[in-house]
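The structure under discussion appears below in the form of structure tokens.
Numbering (the working numbering), first residue to last: 2 to 118.
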């Protein structure tokens with residue numbers, strides 16, 4: 002919220018997100034229906050482990066959206082994480098053209114050994 006409130010016309014705020022529903026192992030999928038064991042889900046949420054401990058639920062609160070609505074930052078973008086490389090290339094082309102000649106984008110999956118929830 003402080004970032005949104007203090008943003009100027011020259012500030013670029015980028016929030017990179019991903020849809021995590023397919024990663025949740027406690028969801029059972031049958032044809033067109035999904036079933037979730039409610040007790041297991043609540044236990045995981047209350048335990049605040051992995052991304053549940055610090056993620057969109059901590060950042061994108063109603064107060065944050067209210068701050069966005071009240072301050073209307075002109076340069077706010079929500080980007081899917083799979084577009085981060087494209088965004089990096091675009092920013093480098095404009096702000097750091099000397100980097101575009103190098104091997105961009107630099108992508109590394111540092112969490113590829115993480116267990117699913």
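Beta carbons are placed, not taken as given, at the ideal position from N, Cα and C, and that holds for glycine.
Taking a C-beta distance under 9 Å as the contact criterion, residue 79 and residue 18 qualify as a contact pair.
Shown here, residue 36 sits in a strand according to DSSP, grouped into three states.
Boundaries of the beta strand (DSSP E) around residue 77: 77-81. Shown here for residue 13: same chain residues with a beta carbon closer than 7 Å to its own, the five before and five after excluded, namely 76 in chain order.
Boundaries cannot be given for residue 84, as no alpha helix (DSSP H) includes it and DSSP labels it neither H nor E.
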